[in-house]
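Working notes for the structure below.
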Amino acid sequence: MDKFTNLVNILKNYKKVVVAFSGGVDSSVLSQAAYIALGDNALAITADSPLLQKDEKNDAIAVAKKIGIKHIIMPSDDLASPQIAANDKNRCYYCKKFRFTNMCQWAKDNDFPFIIEGSNIDDKGDYRPGMRAIAELHDMVKSPFLEANINKQEIRQIAKKYDLPVWNKPSQACLASRLAYGLELNSERLKQVDAAEAFLRQHIDGQIRVRHHDNLARIEIMPSEYPKLLNEELRSQIYNKLHELGFTFVTFDINGYKMGSQNAAVL
1 MDKFTNLVNI LKNYKKVVVA FSGGVDSSVL SQAAYIALGD NALAITADSP LLQKDEKNDA
61 IAVAKKIGIK HIIMPSDDLA SPQIAANDKN RCYYCKKFRF TNMCQWAKDN DFPFIIEGSN
121 IDDKGDYRPG MRAIAELHDM VKSPFLEANI NKQEIRQIAK KYDLPVWNKP SQACLASRLA
181 YGLELNSERL KQVDAAEAFL RQHIDGQIRV RHHDNLARIE IMPSEYPKLL NEELRSQIYN
241 KLHELGFTFV TFDINGYKMG SQNAAVL
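Taking full-length UniProt numbering as reference, the numbering of the sequence shown is continuous, increasing by one, and the terminal residue is 267.
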């Protein structure tokens with residue numbers, strides 16, 4: 001039995017599920033599997049939060065339509081939680097607990113016994129306090145990729161097989177991950193990094209992160225894109241745009257893109 005078939009069989013045992021659906025490749029494959037396994041007994045929910053990039057919500061809507069799964073957008077005012085807004089090293093824990101507690105209540109009210117989420121076995125290698133929140137809600141919140149022993153590369157292969165448009169989409173983390181720990185989360189700062197990354201995507205390919213260190217922007221890109229920075233006109237455009245967005249200093253990290261690089265301060 002291949003891993004995807006095993007995943008579908010695992011989901012069949014849940015009978016009825018809500019998929020925590022961001023529109024990224026992990027939750028898209030999970031939604032595809034849930035729809036195959038359970039049809040209309042699977043429902044995808046996207047948390048509409050200030051921490052969500054604008055493009056992510058649009059992708060979620062489009063992918064859910066492609067799969068055929070029922071889909072709703074649920075408002076999530078994450079910044080109303082002082083623990084999340086404080087942006088300490090446990091931010092992901094507080095945020096996951098906040099969102100999944102609300103989602104669990106919605107699921108109970110609407111007769112869904114389980115929520116499934118897209119953590120895969122590769123996620124165990126990074127600093128992920130959010131997984132503790134999922135573990136604390138384990139009676140309702142399940143991680144089928146972990147049960148099926150599926151990694152990120154396998155998820156992308158499945159997505160490509162099912163012609164999901166996000167199969168090769170770069171991994172995304174919420175906008176809060178761009179801000180240095182201890183720098184308070186607010187709408188203005190989140191909009192700064194969202195707009196900065198949207199601008200950079202017009203000129204630079206691959207993974208892009210604008211790390212927010214108050215008045216300093218630290219840009220991470222893939223090393224293969226470094227030659228583009230030799231273009232003085234492009235550098236000037238980038239500086240002017242980010243300065244316009246409120247950054248005093250604009251830097252490029254010579255170490256390139258690193259997943260979870262802000263975690264270096266707490267590991």
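Heads up, the beta-carbon is just placed ideally off N, CA and C, and yes, glycines get one too.
query: Less than 7 Å between the CB of Pro-165 and some heavy atom of the ligand FAD, yes or no?; result: In terms of ligand content, the structure shown is empty, and the ligand FAD therefore cannot be addressed.
query: With a cut-off of 8 Å, do at least 3 Cβ pairs link the region 176 to 183 to the region 86 to 97?; result: yes
query: Can you name, in chain order, every residue of its own chain whose Cβ lies under 7 Å from the Cβ of Leu-190, other than the five neighbours on each side?; result: Pro-50, Leu-51 and Leu-175
query: In chain order, what residues of the same chain lie with their CB nearer than 7 Å to the CB of Gly-256, ignoring the 5 residues before and after it?; result: Glu-220, Ile-221, Met-222 and Pro-223
query: In the region 20 to 104, which residue ranges form an unbroken alpha helix (DSSP H) of at least 4 residues, counting only runs that do not cross its ends?; result: 25 to 38, 54 to 67 and 82 to 85
query: Who are the Cβ neighbours of Gly-24 in its own chain at under 6 Å, not counting the five residues just before and after it?; result: Gln-172
query: Please check the pair Leu-146 and Ile-116, which I expect to be a contact at CB under 8 Å, by giving their CB distance rounded to whole angstroms.; result: About 11 Å separates the two Cβ atoms, so there is no contact after all.
query: Look at the alpha carbon of Gln-157 and the alpha carbon of Gln-83, and state the distance between them as a whole number of angstroms.; result: 37 Å
query: If I measure Cβ to Cβ from Ala-37 and keep anything under 7 Å in the same chain, skipping five residues before and after, which residues do I get?; result: Val-8, Leu-11 and Lys-12
query: Taking all protein chains shown into account, decide if Thr-46 is buried (16 or more other Cβ within 10 angstroms of its Cβ) or exposed.; result: buried
query: Could you tell me how far apart the beta carbons of Ala-217 and Ala-196 are, in whole angstroms, since I believe they sit closer than 8 Å?; result: 6 Å
query: Per DSSP, what kind of secondary structure is His-243 in: helix, strand or coil?; result: helix
query: Name the DSSP bridge partner or partners of Lys-142?; result: Ile-116
query: Is it true that the CB of Met-140 sits closer than 8 Å to the CB of Cys-95?; result: no
query: What residues are listed by DSSP as bridge partners for His-212?; result: Leu-179 and Ala-217
query: So which of Gln-153, Ser-177 and Arg-178 has the shortest CA-CA distance to Lys-169?; result: Gln-153
query: Under 8 Å by Cβ, that's how I've got Leu-242 and Arg-235 pegged, so tell me the actual separation to the nearest angstrom.; result: Not a contact, Cβ separation roughly 11 Å.
query: With distance defined between alpha-carbon atoms, name the residue in His-212, Ser-81 and Asn-240 nearest to Ser-177.; result: His-212
query: Below 8 Å between beta carbons: does that hold for Ser-76 and Arg-99?; result: yes
query: For Val-29 versus Leu-164, is the C-beta distance shorter than 8 Å?; result: yes
query: How about Ile-73 and Asp-111: are their beta carbons less than 8 Å apart?; result: no
query: So, is Phe-249 buried or exposed, given that buried needs 16 or more other C-beta atoms within 10 angstroms?; result: exposed
query: Where Arg-209 and Ala-133 are concerned, what is the direct C-alpha to C-alpha distance, given to the nearest angstrom?; result: 25 Å
query: Tell me which residues share the same chain as residue 268 and place their Cβ nearer than 6 Å to its Cβ, disregarding the 5 neighbours each side in the sequence.; result: Since the first residue of the chain shown is 1 and the last is 267, residue 268 is not available in this structure.
query: In the structure shown, what three-state DSSP assignment does Val-166 receive?; result: coil
query: Look at the alpha carbon of Leu-267 and the alpha carbon of Ile-254, and state the distance between them as a whole number of angstroms.; result: Here the model assigns Leu-267 a pLDDT of 47, short of 50, so the residue's position is not dependable, and the following value carries that caveat. Near 20 Å, if we compare the C-alpha coordinates of Ile-254 and Leu-267.
query: Where does Thr-248 sit, in a helix, a strand or coil, going by DSSP?; result: coil
query: Per DSSP, which one or two residues make a beta bridge with Val-17?; result: Ala-42 and Phe-114
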